[in-house]
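Notes to accompany the following structure.
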Amino acid sequence: MGAIFRRELKAYYASPLGYIVMAVFFCVCGISFTGTYSAGNASLSNVFSIASVVVFLLTPIITMRLLAEDKRQKTDQLVLTSPVSLTGVVLGKYFAAVVFFATLLSVLVVFQIIFSVVATPDWMVFIGSLVGLFLMACALLAIGLFISSLTESQVVAAVCSLAVSLFFLLISMFSSFISTLIKNTIVTQIVDYVSLFNRYNDLVTGVIDYSNIVYFISFVVVFLFLTVRVLDKKRWA
Amino acid sequence: MIEVTNLTKRYGSHVAVDNATFTIHDGEILGFLGPNGAGKSTTMNIITGYLSATSGSVKIDGYDILTAPLEAKKRIGFLPELPPLYLDMTVKEYLNFVYDLKKVKLPRRPHINEICRLVKIQEVYPRQIKNLSKGYRQRVGIAQALVGNPDVLILDEPTVGLDPKQIIEIRNLIKLLGKTHTVILSSHILSEVQAVCERVIIINQGRIVVDNTPENLSRIMSDDHSIIARIEGPRREIMAALKSLKGVKSVQAAGAGGYGQEYIINPIVGYDIRRALFSLLAEKNWPLLMLKSSEMTLEDIFLRLTDGTADTAALEKALQARGDKPQEAGGQPAEEEETADFAKGEAAEAEQSQAEEEAK
Ligand SMILES: Nc1ncnc2c1ncn2[C@@H]1O[C@H](COP(=O)(O)OP(=O)(O)OP(=O)(O)O)[C@@H](O)[C@H]1O
Ligand SMILES: [Mg+2]
């Protein structure tokens with residue numbers, strides 16, 4: 018697991034793709050930060066709301082390569098015949114994606130520190146937002162990894178993951194609208210359950226509700242489990 | 078030791094491996110032979126745990142690949158049909174990655190250096206794998222299988238894409254490794270199997286057709302020890318003289334062209350007519366330009382076995398009747414000779430590289 022983790026993490030910094038993702042994230046956050054800063058506003062809430070949408074677009078790119086490329090280049094024959102469990106393989110790849118994403122968030126910490134020098138920002142809101150953004154990304158990365166296990170093509174993996182993340186984004190945005198439209202408690206519940214973005218918005222308030230944290234973690238566990246199942250099933254094809 | 082029992086693999090309704098059973102002992106080199114699509118790679122993928130069998134079991138040193146995969150996989154070095162290389166890594170990074178992945182306990186630097194020396198990839202060690210030529214990629218693939226010095230080596234067409242010199246070196250390497258490891262290799266090149274393996278399994282359409290030593294195979298298949306002779310001289314007279322020779326059953330004229338004429342001489346079983354033939358021709362002053370036994374090569378056997386016309390049941394019976402156990406036929410002296418060759422090759426190589434360095 019350690020070897021796979023290190024390899025995959027290094028691969029992000031060895032390919033242009035990793036730098037493109039970084040550049041996009043930093044640019045978007047930077048521009049929005051500059052706007053906020055020059056408006057004399059010592060809150061990162063605008064930056065976070067833009068970053069949270071960008072995350073939906075970037076996570077598919079972070080995960081598309083992970084398992085699909087292994088299959089295409091047949092390197093999975095090395096990985097899956099080495100003395101590492103399937104769970105170890107999946108976790109190694111997943112944590113590489115998570116750590117790569119976490120380094121992106123560092124830019125937000127820098128912004129917050131700049132604010133704290135010139136003003137007194139609300140740290141609880143910042144931490145809530147940061148944790149929320151991180152956990153939401155973890156959930157999206159797990160979904161992306163799962164989709165990457167289903168195909169040999171990075172492009173297919175990226176497009177499908179993007180479609181799924183946009184679906185999650187839209188359903189969250191329209192969840193209240195859907196609930197008023199269809200007055201069915203089950204539908205409301207399902208919509209509520211898949212509304213990743215709403216959970217994130219709960220955390221943004223700075224009140225850390227453990228149910229939300231558990232929600233995201235369970236999301237991750239389910240998709241990682243499914244990924245392991247897919248890899249296992251492939252052998253029986 | 079590898080024990081494969083009743084292994085079957087189905088892809089939908091297509092049977093890729095059909096009820097294969099065999100055992101490979103420590104220090105044995107087994108060759109898998111078969112036409113395209115025979116099921117060689119599939120069998121190897123199942124033994125290494127990459128694929129799961131539809132039914133049957135595989136045990137590596139007593140560890141079942143399904144129920145104790147980590148223990149079993151620890152003992153296997155696998156070179157798949159396409160070397161599993163990360164193109165974005167350098168050879169150095171890649172071998173170190175494999176070292177970590179396999180959780181090898183041997184000292185890292187010396188171990189990896191030793192492997193690079195064995196498969197001769199020192200000169201590409203710092204280079205990116207995507208920039209390597211096919212042969213070098215194959216060598217890196219072989220190097221990868223050797224990391225951790227596993228007891229069992231499974232090599233799917235190991236010499237594909239190598240240059241002739243390297244093919245010989247890799248074959249010698251495999252032979253050397255075979256003394257201390259259990260090796261399975263697959264190949265289409267029959268001379269390779271003949272040169273390297275102590276035992277050959279011929280697979281056709283997923284079924285094991287033959288499991289024996291290469292020597293036994295060619296001996297048994299060529300039951301009609303006919304002789305082909307190219308002789309210069311008057312055709313009709315020669316024919317008559319040959320036919321009157323003691324022990325000759327029949328004579329046919331074959332290809333003319335070039336000098337002389339070829340005659341296929343079928344002796345009565347048990348007769349060696351070569352001496353009589355020599356005196357006859359010497360006495361008549363008919364020059365003998367060529368003399369060869371038409372003993373079947375492994376090539377012929379292979380073609381005959383896999384074109385579906387051979388009576389494999391009868392063949393099996395013949396093999397058993399002779400009581401030829403695959404393990405018995407160990408050309409021990411020949412093997413030692415090979416080792417000596419290997420060592421010589423090594424020395425020559427070292428000298429050469431030294432010379433090269435000096436040239437620089
Ligand atoms: N994923 C798959 N789905 C369906 N059939 C498959 C699959 N993989 C292999 N086969 C079939 O299984 C059979 C055995 O294939 P295998 O690759 O083991 O052959 P092989 O002996 O290695 O041949 P070659 O000499 O060409 O390498 C072939 O008929 C092949 O078409
Ligand atoms: Mg094959």
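First to last, the protein sequences are chains A and B.
So the mapping is simple: the working numbering equals the position in the first sequence, first residue as 1, plus 17.
So the mapping is simple: the working numbering equals the position in the second sequence, first residue as 1, plus 77.
By construction, the Cβ of each residue, glycine as well, lies at the ideal position given by its N, Cα and C atoms.
Remember, predicted model here, so these are calculated numbers, not experimental data.
For P203 (chain B) versus I219 (chain B), is the C-beta distance shorter than 9 Å?
no
Please find out if some non-hydrogen atom of ligand 2 comes closer than 8 Å to the beta-carbon of E234 (chain B).
yes
Under 9 Å, do V211 (chain A) and G145 (chain A) count as touching if we go by C-beta distance?
no
Which value, in whole angstroms, describes the spacing of the CA atoms of W253 (chain A) and I123 (chain B)?
10 Å
Compare the C-beta of T92 (chain A) against all C-beta atoms of chain B and say whether one is closer than 9 Å.
yes
Please confirm whether S32 (chain A) has its beta-carbon closer than 9 Å to some beta-carbon of chain B.
yes
Quick check: the Cα distance between E286 (chain B) and L75 (chain A), rounded to an integer number of angstroms?
Just to set this straight, residue 286 (chain B) is Val in the shown sequence, not Glu. Taking the straight line from one Cα to the other gives about 54 Å.
Among the residues of its own chain, which have a CB less than 7 Å from the CB of A411 (chain B), if the five just before and after it don't count?
Only weak support is given to the placement of A411 (chain B): the predicted model assigns it a pLDDT of 36, under 50, and the value that follows is read from those uncertain coordinates. There are no such residues.
Which word fits Y30 (chain A), buried or exposed, when buried means at least 16 other C-beta atoms lie within 10 angstroms of its C-beta?
exposed
So with Cβ pairs under 9 Å, would you call S170 (chain A) a contact of chain B?
no
So is the beta-carbon of S118 (chain B) under 8 Å away from any non-hydrogen atom of ligand 2?
Yes; taking the cut-off as 8 Å, the Cβ of S118 (chain B) has a heavy atom of ligand 2 nearer than that.
Would you mind giving the Cβ-Cβ distance between A68 (chain A) and V45 (chain A), rounded to the nearest angstrom? I have them listed as a contact below 8 Å.
7 Å
For the alpha helix (DSSP H) containing Y36 (chain A), list its first residue and its last residue.
P33 to S55
Say yes only if the C-beta of E269 (chain B) is nearer than 8 Å to one or more non-hydrogen atoms of ligand 2, and no if none qualify.
no
Would T244 (chain A) count as contacting chain B if we go by Cβ distances under 9 Å?
Residue-level contact by beta carbon fails for T244 (chain A) and chain B, as no gap is shorter than 9 Å.
Is there contact here, the region 113-124 of chain A with the region 28-42 of chain A, by at least three beta-carbon pairs under 8 Å?
yes
Please go through the same chain and pick out, in chain order, the residues whose beta-carbon is closer than 7 Å to the beta-carbon of E309 (chain B), but skip the five residues on each side of it.
Y336, G337, W363, P364 and L366
Cutting at 6 Å between CB atoms, please list the residues of its own chain near N63 (chain A), excluding the five before and the five after it.
S49 and T53
Is H91 (chain B) close to chain A, meaning its C-beta is less than 9 Å from at least one C-beta of that chain?
no
Quick one, are the C-beta atoms of V443 (chain B) and I345 (chain B) less than 9 Å apart?
Absent from the structure is residue 443 (chain B), since the part of chain B shown begins at 78 and ends at 437.
Just to check, is the beta-carbon of S102 (chain A) closer than 8 Å to a non-hydrogen atom of ligand 1?
no
Roughly how many angstroms separate the alpha carbons of V94 (chain B) and P291 (chain B), rounded to a whole number?
22 Å
What first and last residue would you give for the alpha helix (DSSP H) that runs through T119 (chain B)?
Start and end: K117 to I124.
Give the list of continuous beta strand (DSSP E) stretches no shorter than 3 residues that lie fully inside the region 274-320 of chain B.
If only uninterrupted beta strand (DSSP E) runs of at least 3 residues are considered, those enclosed by the region 274-320 of chain B are 276-281, 284-289 and 304-308.
Starting from the N-terminal side, write out each stretch of the alpha helix (DSSP H) that is 4 residues or longer and does not extend beyond the region 135-199 of chain B.
Whole alpha helix (DSSP H) segments, 4+ residues: 146-151, 168-178 and 185-196.
Are the CB atoms of G225 (chain B) and L183 (chain B) nearer to each other than 9 Å?
yes
What residues in the region 118-135 of chain B bring their beta carbon closer than 7 Å to a beta carbon of chain A?
T125, G126, Y127, L128 and S129
Could you check the C-alpha separation between F112 (chain A) and R23 (chain A) for me, to the nearest Å?
9 Å
So what does DSSP say about E339 (chain B), is it helix, strand or coil?
strand
Does at least one heavy atom of ligand 1 sit under 8 Å from the Cβ of G283 (chain B)?
Distance from the C-beta of G283 (chain B) to the nearest heavy atom of ligand 1 is below 8 Å.
Cβ of G108 (chain B) within 9 Å of Cβ of V270 (chain B)?
yes
In angstroms with no decimal places, state the Cα-to-Cα distance between L103 (chain A) and S189 (chain A).
Cα-Cα distance, rounded: 33 Å.
Of all Cβ atoms in chain A, is any one closer than 9 Å to the Cβ of E148 (chain B)?
yes
Hey, would you say the C-beta of V303 (chain B) is under 8 Å away from at least one heavy atom of ligand 2?
Correcting the residue type first, residue 303 (chain B) is Ser in the shown sequence and not Val. No, Cβ of S303 (chain B) sits at least 8 Å from all heavy atoms of ligand 2.
Is the beta carbon of L319 (chain B) less than 9 Å from the beta carbon of L294 (chain B)?
No; because the gap between Cβ atoms is not below 9 Å, this pair is not in contact.
Between F240 (chain A) and the rest of its own chain, which residues show a CB-CB distance below 6 Å, the 5 nearest in sequence each way excluded?
A159, I160 and F163
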